[in-house]
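Everything below concerns the one structure shown next.
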């Protein structure tokens with residue numbers, strides 16, 4: 012098969028795979044989640060094997076411990092999160108009214124003749140925001156239902172995902188050996204090298220940044236709750252999860268927490284200053300300790316590239332796309348760098364005369 016026919020074949024295979032994933036995204040969700048969990052936990056299973064445990068027993072132990080930890084976390088945090096969401100629904104109108112009064116006072120002081128138009132627009136915006144926020148939870152529930160996270164799919168995730176993760180963990184070396192045996196012989200060495208680079212990039216970022224997200228989410232939740240910030244648990248956990256894209260979670264969390272602190276304690280700014288201190292210390296811990304120790308050297312994933320991948324894949328494939336966005340982005344980054352190197356070494360870039368010399 013010539014290069015042109017190979018290119019056509021692999022392009023058609025990629026397009027077919029994308030179409031199938033888009034149509035089967037809801038059904039594939041527990042399998043993709045199980046694969047992510049298995050990939051994340053595979054090094055732990057490997058370490059247990061080196062201590063003399065079999066692959067099956069190691070996989071059972073790792074999945075069992077992970078399931079217990081996740082269940083315990085849900086049991087502990089879910090009632091607190093529900094309570095804070097209920098508190099948010101009850102206090103949001105008063106918070107919006109407080110913001111409106113403060114903005115009106117500031118506008119009247121600084122805008123002069125333009126103030127009446129500003130006031131009308133402000134009242135309209137606050138009213139629309141209050142009206143939309145009153146139905147936020149209902150709209151969210153409906154969106155989750157229509158997006159494939161209905162009760163049946165939730166049960167399938169709870170039941171199927173651990174099973175998929177266990178079998179993938181147990182059979183991972185066997186599957187890799189079989190796939191390696193299917194590689195086209197003319198390109199096997201190059202494909203293995205690219206696969207190793209992709210695994211190093213994905214592993215360093217997914218496992219490393221995932222661990223950092225868990226640590227930061229815990230730190231933020233504890234610190235914000237300790238200083239007395241309303242919804243501190245929700246804001247802290249969300250900030251930690253969003254830290255998967257460097258700087259994005261920190262910036263969004265800082266803005267939300269600062270606004271909540273100002274509306275909660277206005278005109279006293281002490282709480283807002285404490286929030287700034289929490290996020291400043293967390294940033295210092297992340298950049299000075301966690302990222303160098305856990306993620307290590309740069310893995311070639313720019314935050315803008317990550318945000319682009321998350322937006323595109325979530326728009327195309329929903330929650331499934333969110334799960335696979337980072338691994339696919341890391342793999343594409345490796346392939347793009349490989350294509351760049353091949354181009355810089357080709358006659359297209361160098362020209363025939365330079366290639367001859």
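In our numbering, the protein residues as written are 12 to 368.
By construction, the Cβ of each residue, glycine as well, lies at the ideal position given by its N, Cα and C atoms.
- The alpha-carbon of residue 281 is positioned some 21 Å away from that of residue 116.
- In terms of Cβ geometry, residue 70 and residue 203 do not form a close pair [threshold 8 Å].
- Around residue 327, the same chain offers 33 as residues with beta carbons nearer than 7 Å, after the five sequence neighbours per side are excluded.
- Sequence-distant Cβ neighbours of residue 223 in its own chain, meaning closer than 8 Å and more than five residues away, are 254, 297, 301, 302, 305, 306.
- Contact fails between the region 73-89 and the region 186-201, because fewer than three Cβ pairs, one in each stretch, are under 8 Å apart.
- DSSP places residue 354 within a helical segment (H, G or I) once states are collapsed to three.
- The Cβ atoms of residue 36 and residue 331 sit closer than 8 Å to each other.
- The Cβ atoms of residue 266 and residue 317 do not sit closer than 8 Å to each other.
- With the rule of 3 Cβ pairs closer than 8 Å, the region 209-220 does not count as touching the region 231-241.
- Scanning 275, 362, 337 for the CA closest to the CA of residue 43 turns up 337.
- For residue 256, there is no enclosing alpha helix (DSSP H), as DSSP marks it with neither H nor E.
- Spatial neighbours of residue 325 in its own chain (CB-CB distance under 8 Å, excluding positions within 5 residues in sequence) are listed in chain order as 332, 333, 336.
- Secondary structure at residue 198: helix, using DSSP grouped into helix, strand and coil.
- Contact check for residue 228 against residue 251 passes: the beta carbons are separated by less than 8 Å.
- Taking the C-beta atoms as reference points, residue 176 is found nearer than 8 Å to residue 45.
- Secondary structure at residue 241: coil, using DSSP grouped into helix, strand and coil.
- When 86, 67, 274 are compared, the shortest CA-CA separation from residue 102 is found for 274.
- In terms of Cα proximity to residue 59, the closest of 73, 190, 109 is 73.
- Listed in chain order, the non-local C-beta contacts of residue 259 below 7 Å within the same chain comprise 253, 314, 318, local neighbours out to five positions each way being set aside.
- Unbroken beta strand (DSSP E) stretches of 3 residues or longer found wholly inside the region 170-216: none.
- For the pair residue 217 and residue 360, the CB atoms are not nearer than the 8 Å cut-off.
- For residue 329 and residue 362, the gap between their C-alpha atoms comes out near 45 Å.
- About 18 Å separates the Cβ atoms of residue 276 and residue 264, ruling out a contact at the 8 Å cut-off.
- In terms of Cα proximity to residue 94, the closest of 348, 242, 271 is 242.
- Within the region 49-116, there are no complete alpha helix (DSSP H) runs of at least 4 residues.
- One alpha carbon belongs to residue 356, the other to residue 349, and they sit about 11 Å apart.
- Nearest Cα to residue 245 within the set 19, 170, 98, 61: 98.
- With contacts defined as CB atoms closer than 8 Å, residue 268 and residue 240 qualify as a contacting pair.
- Take residue 41, set aside five residues on each side of it, and the residues of its chain with a beta-carbon closer than 7 Å to its own are 167, 168, 171, 172, 175, in chain order.
- Less than 8 Å divides the Cβ of residue 339 from the Cβ of residue 320.
- Rounded to the nearest whole angstrom, the CA to CA distance from residue 96 to residue 29 is 37 Å.
- Annotation for residue 296: the continuous alpha helix (DSSP H) segment containing it runs 281-296.
- Non-local beta-carbon contacts of residue 55 in its own chain, meaning distances under 7 Å to residues more than five positions away in sequence, involve 73 in chain order.
- Linking residue 87 to residue 237 through their CA atoms gives a straight-line distance of about 17 Å.
- In the structure shown, residue 277 adopts coil according to DSSP, grouped into three states.
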